[in-house]
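**Student:**
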Amino acid sequence: DDPINDVEQQVRDWAKEKKKEIDTLKEQEKFRREFLSNISHEFKTPLFAIQGYVDALQDGMMQDDPEMATQFLMKASRNLDRLTFLIKDLDEISKLESGQVPINYQKFDLSPLIKEVLESMEDKAAGHQITLVFKEKYQYPMMVRADREKMRQVFVNLISNSIKYGKPKGHTDIKIYELFETVLVEVTDDGIGIEEKNLPRVFERFYRTDRSRSRKIGGSGLGLSIVKHIIEAHEQTINVRSTEGVGSTFAFTLEKANG
Ligand code: ADP
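Quick note, in full-length UniProt numbering, the sequence shown goes up one by one and the last residue is 343.
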């Protein structure tokens, strides 16, 4: 044994360890920077719009063109709604992340919940020429143990994405499968799909692909992270498969309830 060699090895190991720590910190810092830039972008868009409408109204539009003024007020109000939704989503995320939201477990039949959500979203889907289909294949109740209201939110977020990122005359199919002690749920669309390089990031807070930003599709980039939080709070998993230009499938599991 050479004590000098030993010490050298220890120093090298230590340096390697430190480098790893620094890389992790840099990675986190980059994430924080992106997060801040994303969040300010999401707030800026509606704020600037409101500013524009209010300026125009102050400049005398009320008197000059009352009809246009009414329209501007409506548009300002829609942008205020968007800010309100953003803050609500943010609030929801921070509560979910700090574990402040208890999961209120109930046993219930999944199919009626799916039908309720589909019915409530039918008009929105029709507006985008998208057909929502529940491919029911079991004759008996599909009992799960989960928080019914939170699961409603999961379905609303996934289906609303399938509409937003769908193509006209497209379909969204909802399927459920029994798999041992779990129920597997799949929401499949034949919409614009997600580029492979973006797939791992879609569940991040405020992450939106360049395409959805550029297509000016409304959204906060929070919907999927809320979904993921809810599923993980149930100790279940969610994943996504997608092919750009072909469509996407979001699949998650739920605990099957006996009886
Ligand atoms: P938002 O829809 O508000 O942008 P989400 O968190 O729900 O935020 O989704 C994050 C991003 O993932 C979206 O901006 C979009 O680019 C992509 N995405 C989500 N769902 C789909 C889908 N069904 N088809 C294609 N892209 C999707």
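Glycine residues also receive a C-beta, built at the ideal position from the N, C-alpha and C atoms.
(1) Mind checking which residues open and close the beta strand (DSSP E) that includes Thr293?
(2) Can you list, in chain order, the residues of its chain with a C-beta nearer than 8 angstroms to that of Met227? Leave out the 5 residues immediately preceding and following it.
(3) With DSSP collapsed to three states, give me the class of Ala335.
(4) If I follow the unbroken alpha helix (DSSP H) through Gly307, where does it start and stop?
(5) DSSP puts Ala210 in a beta bridge; with which residues?
(6) Along the beta strand (DSSP E) that carries Met227, what are the first and last residues, could you check?
(7) Between Leu242 and the rest of its own chain, which residues show a CB-CB distance below 6 angstroms, the 5 nearest in sequence each way excluded?
(8) Mind reading off the beta-carbon distance from Arg289 to Gly305? Whole number of angstroms is fine, and I expect it under 8 angstroms.
(9) Could you tell me if Ser161 is buried or exposed, where buried requires 16 or more neighbouring beta carbons within 10 angstroms of its beta carbon?
(10) With H, G and I counted as helix, E and B as strand and the rest as coil, what does DSSP make of Glu276?
(11) Could you check where the beta strand (DSSP E) with Glu262 kicks off and where it finishes?
(12) Within the present structure, is the beta-carbon of Arg166 separated from the nearest heavy atom of the ligand ADP by less than 7 angstroms?
(13) Using DSSP with H/G/I as helix, E/B as strand and the rest coil, what is Val95?
**Tutor:** Quick answer:
(1) That residue, Thr293, is in no beta strand (DSSP E); it is neither H nor E in DSSP.
(2) Lys191, Phe192, Asp193, Leu194, Lys340, Ala341, Asn342 and Gly343
(3) strand
(4) Gly307 to Ala317
(5) DSSP lists no partner for Ala210.
(6) Met227 to Ala230
(7) Val271 and Phe334
(8) 7 angstroms
(9) exposed
(10) For the record, residue 276 in the displayed sequence is Ile; it is not Glu. Correct three-state label for Ile276: coil.
(11) Gly254 to Leu263
(12) no
(13) helix
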